[in-house]
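Presented below is the structure to which this report refers.
Number of protein chains: 2
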Amino acid sequence: MGVTKTERYKPQQLELSSMLKALGHPARVAIVEYLLKADDCICGDIVNELPLAQPTVSQHLRELKTAGIIRGNIEGTAICYCINKDAIDALNEYFRVLTAQIHKKTTNCC
Amino acid sequence: MGVTKTERYKPQQLELSSMLKALGHPARVAIVEYLLKADDCICGDIVNELPLAQPTVSQHLRELKTAGIIRGNIEGTAICYCINKDAIDALNEYFRVLTAQIHKKTTNCC
DNA sequence: CTATTTTATCGTAATATTGCAATATAAGAA
DNA sequence: TTCTTATATTGCAATATTACGATAAAATAG
């Protein structure tokens, strides 16, 4: 069906998987990594950095934005995109706790 | 087209996005969280824990396994699934570094 | 051997994603 | 105003994902 029954899961799981899904494409990982490395965040040249056509990049940017991973500010003619610190912090915290809990476990058969 | 041109990205970005994509579905987040909380990892009852039919769960498990997020060991009639510590460690490390780098940045317009 | 149990695979329908050409929109420059 | 530049939206084709019923496969129990 291609349709996820969202009402079957915890809000926390839906929120998390939505952010991870947004990062689940190499182009979108590349966008985040480029935004990180760019000095200022006037980012009119994201398109030139990626091996994709402009509409495709625009679409990926929208997905990252919808998931809350990045933010966009209008700066005259261009648009300034940058990473949403809070979202990355939340992901970092999730994996930090997950890792800690895994390492606490004694029974691990695999 | 629905087809990602993988040769256009860095191996690191492909590897990472593949793992994140695997976790980009609430059912698969739920599976990982259940594996974490289960005492031993003889996990024949994952199906009962999820609001999905058995073939669907089996499919999700395979995707997690293919991405390296979980491992599966045959235990007689049942199969023992558990989290692949190394994969979660790698994700944790990625977000740890990403977070650190973001907080180091002074120029953040959004 | 024949159940039974557990998990995987097949087949299929519904929907989502990816990518791009064409076009639209928005804002400043001339 | 018209031109240019930057980004978004539309429309579409190719492919992928999600979900499940039916069935297969693999191991043990009787």
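Same order as they appear, the protein sequences are chains A and B.
Just so you know, the numbering used here puts 87 at position 98 of the first sequence, and the rest follows in order with no gaps.
Just so you know, the numbering used here puts -7 at position 4 of the second sequence, and the rest follows in order with no gaps.
Idealized CB from N, CA, C, for every residue including glycine.
Since this is a predicted model, take the numbers as computed values, not measurements.
From the options, residue whose alpha carbon lies closest to that of residue i
i, options, result
"residue 58/A", "79/A, 90/A and 26/A", "79/A"
"residue 75/A", "5/A, 94/A, 92/A and 95/A", "5/A"
"residue 93/B", "72/A, 83/A, 64/A and 50/A", "72/A"
"residue -1/A", "-5/B, 95/B, -1/B and 19/B", "19/B"
"residue 53/B", "21/B, 82/B, 84/B and 35/B", "21/B"
Between the CA atoms of residue j and residue i - distance to the nearest angstrom
i, j, result
"residue 88/A", "residue 86/B", "15 Å"
"residue 17/A", "residue 11/A", "7 Å"
"residue -3/B", "residue 9/A", "21 Å"
"residue 14/A", "residue 1/A", "21 Å"
"residue 77/B", "residue -7/B", "24 Å"
"residue 67/B", "residue 27/B", "16 Å"
"residue 70/B", "residue 62/B", "6 Å"
"residue 24/A", "residue 3/A", "25 Å"
"residue -5/B", "residue 64/A", "33 Å"
"residue 83/B", "residue 90/B", "11 Å"
"residue 7/A", "residue 34/B", "26 Å"
"residue 81/B", "residue 81/A", "7 Å"
"residue 104/B", "residue 95/A", "Examination of residue 104/B is not possible in this model, given that chain B is present from -10 through 99 alone."
"residue 60/A", "residue 56/B", "29 Å"
"residue 50/A", "residue 50/B", "30 Å"
Quick check: the stretch 36 to 49 of chain A against the stretch 35 to 47 of chain B, are there 3 or more CB pairs under 8 Å?
When C-beta atoms of the stretch 36 to 49 of chain A are compared with those of the stretch 35 to 47 of chain B, fewer than three pairs fall below 8 Å, so the two segments do not count as touching.
Taking only runs of the beta strand (DSSP E) that begin and end inside the stretch 29 to 84 of chain B, which ones reach a length of at least 3 residues, in chain order?
At a cut-off of 3 residues, the continuous stretches assigned as beta strand (DSSP E) that sit fully inside the stretch 29 to 84 of chain B are 59 to 64 and 67 to 72.
Residues from the stretch -7 to 13 of chain A in contact with chain B, defined by Cβ distance under 8 Å:
The stretch -7 to 13 of chain A vs chain B, Cβ under 8 Å: -7, -6, -5, -3, -2, -1, 2, 3, 5, 6, 7, 9, 10, 11, 12 and 13.
Using a Cβ-Cβ cut-off of less than 9 Å, list which residues of the stretch 73 to 88 of chain A approach chain B; keep chain order.
Residues passing the 9 Å Cβ filter: 73, 74, 77, 78, 80, 81, 82, 83, 84, 85, 87 and 88.
Can you pull out the residues from the stretch 33 to 66 of chain A whose beta carbon lies closer than 7 Å to at least one beta carbon of chain B?
Going along the stretch 33 to 66 of chain A in chain order, one finds 40, 60 and 62 with a Cβ nearer than 7 Å to chain B.
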